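Reading through the structure tokens given below for one structure.
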Amino acid sequence: MAKQSNEQVSITRSDVEHVAMLARLALTPDEVGEFAEQLTAILGHATDISSLDLDGVPTTAHPLPVTNVLREDVIGPSLDRDEVLAAAPSAEEGRFRVPRIMGEA
Amino acid sequence: MRSAVEIAAAVRSGERTARSVAEEHLATIASREGEIHAFNHVTADAALAQADAVDAKVARGEDPGPLAGVPVALKDNLCTRGVPTTCSSRILDGWLPPYNATVVERVTAAGGVAVGKTNLDEFAMGSSTENSAFGPTLNPLDLSRVPGGSSGGSAAAVAARFAPLSLGSDTGGSIRQPASFCGVVGVKPTYGVVSRYGLIAFASSLDQIGPFAATVNDAALLLDVISGHDRMDSTSIAASPTALLNDGTDVAGLRVGLVTELTDVEGIDPEVRAAVERAASALEAQGAIVERISVPSCIYGLSAYYLIAPAEASSNLARYDGVRYGLRVDGDDVYEMNSATRDAGFGAEVKRRIMLGTYALSAGFYDAYYAQAQRVRTLIIRDFAAAYERFDVLLSPTTPTTAFKFGAKTEDPFSMYLSDICTIASNLAGHPAMSIPFGLGSDAMPIGVQVLAPALGESVMFRVARAIEAAGGVA
Chain X
0 MAKQSNEQVS ITRSDVEHVA MLARLALTPD EVGEFAEQLT AILGHATDIS
50 SLDLDGVPTT AHPLPVTNVL REDVIGPSLD RDEVLAAAPS AEEGRFRVPR
100 IMGEA
Chain D
0 MRSAVEIAAA VRSGERTARS VAEEHLATIA SREGEIHAFN HVTADAALAQ
50 ADAVDAKVAR GEDPGPLAGV PVALKDNLCT RGVPTTCSSR ILDGWLPPYN
100 ATVVERVTAA GGVAVGKTNL DEFAMGSSTE NSAFGPTLNP LDLSRVPGGS
150 SGGSAAAVAA RFAPLSLGSD TGGSIRQPAS FCGVVGVKPT YGVVSRYGLI
200 AFASSLDQIG PFAATVNDAA LLLDVISGHD RMDSTSIAAS PTALLNDGTD
250 VAGLRVGLVT ELTDVEGIDP EVRAAVERAA SALEAQGAIV ERISVPSCIY
300 GLSAYYLIAP AEASSNLARY DGVRYGLRVD GDDVYEMNSA TRDAGFGAEV
350 KRRIMLGTYA LSAGFYDAYY AQAQRVRTLI IRDFAAAYER FDVLLSPTTP
400 TTAFKFGAKT EDPFSMYLSD ICTIASNLAG HPAMSIPFGL GSDAMPIGVQ
450 VLAPALGESV MFRVARAIEA AGGVA
């Protein structure tokens, strides 16, 4: 397992652009520079834990000893479709309307 | 007659009408809301209609419930049907939820009167309300200072007597820190005790709804009403603390541990430390046994939190895509529309956390950051378990300092994150904790003392809180 150790973390502009693409954020060039600097600083503080040797310590995803919560499959009321669609930026024929998803030939 | 307990008793007995209570509080709001900005939205007409419904029940001889006629302010990340719910974000500006959060249903079913939606740091990310897209809330005790955050509007609403009760949410201290800054009581219950159905998600393994109040017993009244299992929230638990109201002040023989990592460290204002020590002495004088205790992994809480919470937020906030609700900025295809919408709709701190979280979860970094933070979380839970073998409750400051001035921490995001240093560990462990006002600093601003308890330890936590409240906090 590769640890980040105490090496200086450095987030570049191209790292920020890649993460922004993953996160669907159209950042301005100014924001890209600002985030590169701030993420470098914030992740720099996290080296106190990234350098800890915690092999064998299990991860905790949430604090409850509860898994696989199931309920009876009974029919109950649900949200009104027209009321839900009324909140959408664009809707048509009972469905959400979006711009094209795939390139057209 | 000021407390929620007194108001409810007077309305139930017919001594006062819920309408007169609502009118009195709406008048207070009208007189000071302009300078404080506790609310994003005041629901005056709906409040009067709810109050009239309570009065009609009393007139028919029915019991309107334990919150009869008590005005309650709701953090604006709790869904309210047909009432704007924004999370103080442009991306939800104008959205009208098609359903109520379970806590909203429970408050109104208990006779509570919702007076409005309170301001917060956008999507509850922040410690001052300076990240609200609609402008900050001002601290009612000193308008040059922040009210804390993220639930700053809910804390200010109680401090300004706009409502005797309010609801907030606490992911890393967002109830306790503003309670401390505004001189009110704030409670983060055990994870799972209060249903989060209809709470707009920030970090799902940490978020918990809880009450603000002027007194410990008022906070108990509201927590009694909102706690309990809800089939609409699969993380809500069956076993809930109940009947916290009037549940005693006896601390004789209780073992109280003062957490050194949260109290005796650099950055904790000496006045704040002195107040916590006075609270410990007051408990000792009432028969408790107080000792210092080390919870070593607490020092890693901040780093773990600022990886886990943004990671979860980056996933939760993926839903704001311009498709189903809220803002849409047009683009030639879905990718461009999504990206332009999110860039225009989110503020700087929300983008920063989404970026941080996405990075921490991305290929090549997941194990070093996110998984490592989850291992630290295990250490914190183990250390607390060891501490609670020796102690019934733990004690610490709620915040390192009293309320700071506007702009003091906006330039350096990390300095703002340090505001949460004493509160974060409870969220990581899923444990309850609460802040009780205890004395003033030399700046005349309130200091908060934090009581921490093991999971489902609300009863003993409230008893200790009452004993601290009774001691008064004067130096």
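Here the protein sequences come in this chain order: X and D. For the first sequence, numbering that gives the first Met the number 0 assigns the number 0 to the initial residue and increments by one for each residue that follows. For the second sequence, numbering that gives the first Met the number 0 assigns the number 0 to the initial residue and increments by one for each residue that follows. Think of the CB as a built atom: it goes at the ideal place given N, C-alpha and C, for glycine as much as any other residue. Owing to the predicted nature of the structure, the values given are computational and were not obtained by experimental measurement.
Helix, strand or coil at residue i [DSSP, three-state]
| i | result |
| --- | --- |
| D:Arg341 | helix |
| D:His40 | strand |
| D:Leu360 | helix |
| D:Phe390 | coil |
| X:Glu91 | strand |
| D:Ala432 | strand |
| D:Pro396 | strand |
| D:Leu451 | strand |
| D:Glu129 | coil |
| D:Val289 | strand |
| D:Val333 | helix |
| D:Lys408 | coil |
| D:Leu77 | strand |
| D:Val103 | helix |
| D:Pro463 | Per the sequence presented here, residue 463 of chain D reads as Val, with Pro not at that position. If DSSP states are grouped into helix, strand and coil, D:Val463 belongs with the helices. |
| D:Glu468 | helix |
| D:Met415 | helix |
| D:Leu66 | coil |
| D:Ile174 | coil |
| D:Gly13 | coil |
| D:Gly346 | coil |
| D:Gly152 | helix |
| D:Asn138 | coil |
| D:Glu22 | helix |
| X:Val172 | This structure cannot speak to residue 172 of chain X, because chain X is shown only from 0 to 104. |
| D:Gly33 | helix |
| D:Tyr304 | helix |
| D:Ala52 | helix |
| D:Leu326 | coil |
Which residues DSSP lists as bridging residue i, in chain order
| i | result |
| --- | --- |
| D:Ala72 | D:Gly115 and D:Ser165 |
| D:Pro445 | D:Leu439 |
| D:Arg144 | D:Lys404 |
| D:Val82 | D:Thr79 |
Nearest-angstrom Cβ-Cβ length linking residue i and residue j, presumed shorter than 8 Å
| i | j | result |
| --- | --- | --- |
| D:Leu137 | D:Glu34 | 6 Å |
| D:Ser179 | D:Thr340 | So it is not a contact: roughly 36 Å between Cβ atoms. |
| D:Ser173 | D:Ala123 | 6 Å |
| D:Asn99 | D:Ile199 | Their Cβ separation, rounded to whole angstroms, is 13 Å, which puts D:Asn99 and D:Ile199 out of contact at 8 Å. |
| X:Val18 | D:Ser361 | 7 Å |
| D:Val193 | D:Gly182 | Rounded, the Cβ-Cβ distance is 24 Å, inconsistent with contact. |
| D:Ala303 | X:Ile10 | No, D:Ala303 and X:Ile10 are not in contact; Cβ-Cβ is about 19 Å, not under 8 Å. |
| D:Gly171 | D:Leu393 | Contact flag wrong, Cβ pair sits at about 17 Å. |
| D:Val41 | D:Ile28 | 6 Å |
| D:Asn39 | D:Ser87 | 6 Å |
| D:Ala154 | D:Val112 | Contact flag wrong, Cβ pair sits at about 19 Å. |
| D:Val258 | D:Val294 | 5 Å |
| D:Pro436 | D:Ile267 | That belief does not hold up - the Cβ atoms of D:Pro436 and D:Ile267 are roughly 17 Å apart, past 8 Å. |
| D:Gly321 | X:Pro88 | 6 Å |
| X:Thr58 | D:Ala370 | 6 Å |
Cβ shell of residue i (< 8 Å), same chain only, five flanking positions each side left out
| i | result |
| --- | --- |
| D:Tyr299 | Val375, Leu378 and Ile379 |
| X:Gly102 | none |
| D:Gly363 | none |
| D:Val157 | Ala72, Pro163, Leu164, Ser165, Cys181, Val183, Phe211, Ala212 and Ala213 |
| X:Met0 | Caution applies to X:Met0, whose pLDDT of 34 falls short of 50 and renders its modelled position unreliable; the model cannot decide the point. |
| D:Ser458 | Pro240, Leu243 and Asp246 |
Spatial neighbours of residue i in its chain, beta-carbon cut-off 7 Å, leaving aside the 5 residues before and after
| i | result |
| --- | --- |
| D:Ile6 | Met0, Val20, Gly68, Val69 and Pro163 |
| D:Ile90 | Tyr319, Gly325, Leu326, Gly344 and Phe345 |
| D:Phe461 | Val215, Ala219, Leu243 and Asp246 |
heavy atom of the ligand HEM below 6 Å from residue i C-beta
| i | result |
| --- | --- |
| D:Thr248 | With respect to the ligand HEM, the structure shown offers nothing to examine, as it has no ligands at all. |
Spatial neighbours of residue i in its chain, beta-carbon cut-off 6 Å, leaving aside the 5 residues before and after
| i | result |
| --- | --- |
| D:Leu490 | Nothing about residue 490 of chain D can be read from this structure; chain D reaches only from 0 to 474. |
| D:Pro309 | Arg352, Leu355 and Gly356 |
| D:Ser434 | Arg175, Ala178, Ser179, Gly185, Thr397, Gly447 and Gln449 |
| D:Arg31 | Ala159 |
| D:Pro135 | Thr128 and Glu129 |
| X:Gly43 | Val8 |
| D:Arg144 | Asn138, Ala402 and Lys404 |
| X:Glu30 | none |
Partners in chain A for residue i, counting only beta-carbon separations shorter than 9 Å
| i | result |
| --- | --- |
| X:Arg70 | Of the chains in the structure shown, none is chain A; the protein chains are X and D. |
Uninterrupted beta strand (DSSP E) stretches inside the segment 179 to 225 of chain D (no shorter than 3 residues): Those beta strand (DSSP E) runs which fall completely within the segment 179 to 225 of chain D and span 3+ residues are 184 to 187 and 207 to 212.
Whole runs of the beta strand (DSSP E) within the segment 231 to 278 of chain D, excluding any shorter than 3 residues: 254 to 258
Those runs of the beta strand (DSSP E) which lie wholly inside the segment 13 to 80 of chain X and span at least 3 residues: Qualifying beta strand (DSSP E) stretches: none in this window.
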